[in-house]
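K.L.:
Questions regarding the structure given below will be posed in turn.
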Amino acid sequence: MHHPDELYKLKLKDIKFEDKLCWLHISSFKTDQSANRNFISIEYTDSCYCSIKLLRSYLLIRLKTTKDEPLFLLRQEKQLTVKTVGTIVKRIARNTGAQGRFTTYSIRIGGATAAMKAGLSLTQIRTIGGWDSKAVMLYLRSVGTTELKISRRMGFAN
Numbered sequence: 001m002h003h004p005d006e007l008y009k010l011k012l013k014d015i016k017f018e019d020k021l022c023w024l025h026i027s028s029f030k031t032d033q034s035a036n037r038n039f040i041s042i043e044y045t046d047s048c049y050c051s052i053k054l055l056r057s058y059l060l061i062r063l064k065t066t067k068d069e070p071l072f073l074l075r076q077e078k079q080l081t082v083k084t085v086g087t088i089v090k091r092i093a094r095n096t097g098a099q100g101r102f103t104t105y106s107i108r109i110g111g112a113t114a115a116m117k118a119g120l121s122l123t124q125i126r127t128i129g130g131w132d133s134k135a136v137m138l139y140l141r142s143v144g145t146t147e148l149k150i151s152r153r154m155g156f157a158n
């Protein structure tokens with residue numbers, strides 16, 4: 001759910017696997033250039049979409065380079081760019097038949113929306129996504145109150 005610029009800059013040395021966690025070191029955040037919140041933990045899940053499983057699979061097929069090289073490489077051994085990620089997002093959206101305008105921020109919007117639908121609080125979503133302001137509300141515009149079960153949470157329905 002982080003800013004695309006923060007993630008494409010990851011290097012191999014920025015990843016550390018532990019038992020059921022993967023730690024990512026982010027060298028700088030858009031909203032915190034000194035990166036006071038340096039590390040992000042990702043939990044292992046049983047899902048076939050588990051980020052840790054997918055990252056491990058990627059590392060098995062990725063070209064072998066030094067730890068200082070970018071984590072995400074193109075076939076030509078060049079660093080993945082935000083523009084390339086945007087192209088990938090658009091291609092996936094087109095292939096699934098999704099309608100609308102899709103960019104790298106679609107990943108961020110989707111993450112925030114999924115977190116809200118899963119019942120996380122605004123504070124939790126802001127923390128996970130690294131938002132210092134209420135700008136996250138712009139991303140959550142597509143989540144309707146019926147999906148959030150607001151009336152039920154307020155005690156007006158069963």
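Taken in order, the sequence shown gives residues 1 to 158; the numbers are from UniProt numbering.
C-beta: ideal position from N, C-alpha, C; glycine also.
Note that the coordinates shown come from a computational prediction; the quantities given were computed from them, not determined experimentally.
How would you label residue 43, buried or exposed, when you count the other beta carbons within 10 angstroms and need 16 or more for buried?
P.N.:
The residue you call residue 43 lines up with position 43 of the sequence shown. By the 10 Å Cβ count, residue 43 comes out exposed.
K.L.:
Taking 8 angstroms as the threshold, find out whether the segment 6-22 comes into contact with the segment 66-74 through three or more Cβ pairs.
P.N.:
The segment 6-22 vs the segment 66-74: in contact.
K.L.:
I need the DSSP call for residue 124, collapsed to helix, strand or coil.
P.N.:
Against the sequence shown, residue 124 aligns to sequence position 124. Correct three-state label for residue 124: helix.
K.L.:
In whole angstroms, what separates the C-alpha of residue 116 from that of residue 130?
P.N.:
Position 116 of the sequence shown, counted from the first residue, corresponds to residue 116. Position 130 of the sequence shown, counted from the first residue, corresponds to residue 130. Taking the straight line from one Cα to the other gives about 15 angstroms.
K.L.:
Residue 86 and residue 104 - do their beta-carbons sit closer together than 8 angstroms?
P.N.:
For the purposes of this step, residue 104 is taken as the residue at position 104 of the sequence shown. For the purposes of this step, residue 86 is taken as the residue at position 86 of the sequence shown. The answer is yes: Cβ separation under 8 angstroms.
K.L.:
May I have a chain-ordered list of the alpha helix (DSSP H) segments no shorter than 4 residues that lie completely inside the UniProt domain "Tyr recombinase" (6-137)?
P.N.:
Runs found: 51-61, 82-96, 105-117 and 122-129.
K.L.:
Note down, in chain order, each residue of its chain lying with its Cβ closer than 7 angstroms to the Cβ of residue 17, except the 5 sequence neighbours on either side.
P.N.:
In the sequence shown, the residue the question calls residue 17 occupies position 17. Once the five neighbours on either side are set aside, residue 17 has no close Cβ partner at all.
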